[in-house]
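Enquirer:
In the working numbering, the protein residues as written are 15 to 153.
1. Alpha carbons only, please: which of 30, 65, 18, 47 is nearest the one belonging to residue 81?
2. Give every residue of the same chain whose Cβ lies closer than 8 Å to the Cβ of residue 45, excluding the five residues on either side of it in the sequence, and list them in chain order.
3. Report the rounded CA-to-CA distance for residue 22 versus residue 29, giving the unit in angstroms.
4. Please list the segments of the alpha helix (DSSP H) lying wholly inside the segment 52-102, counting only runs of 4 or more residues, in order along the chain.
5. Please confirm whether residue 36 and residue 61 have their CB atoms less than 8 Å apart.
6. Mapping DSSP to helix, strand and coil, what is residue 150?
7. With 16 as the cutoff for other CB atoms within 10 Å, does residue 109 come out buried or exposed?
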């Protein structure tokens, strides 16, 4: 978590904990549904990237899940300029799988909190989905 906070200015300890928890939940559903292509939100993808950098811990975690190595396959992420509705639609299968698996979905991290973003407009980057970085799928 410390690495997330150090590398992302303005991130709080609480947010880092929430991102780590959401990343673990995301990886669990990826492991439990190997044929599905789930997508992390941009904020959860930050946690996934940090975890992958710790290769031994990440590989051990994946092995513990019984899924083999869960690969991060970059893919173009739905840009917020296509509307928040499009962003939610892109994340909907993942959010549905998280919910079905019994995980609590952090609305701010997954963009499911309608109206809570104070900066929502085309190109918003404060919703956790903006920016030009590619997202990724688990495979």
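Ideal placement from N, C-alpha and C gives every residue a C-beta, glycine not left out.
Expert: In brief:
1. The closest CA to that of residue 81, considering only 30, 65, 18, 47, is found on 47.
2. 76, 79, 80, 81, 84
3. 11 Å
4. 56-67, 69-79
5. yes
6. strand
7. Classification of residue 109: buried, given that the 10 Å Cβ count is 16 or more.
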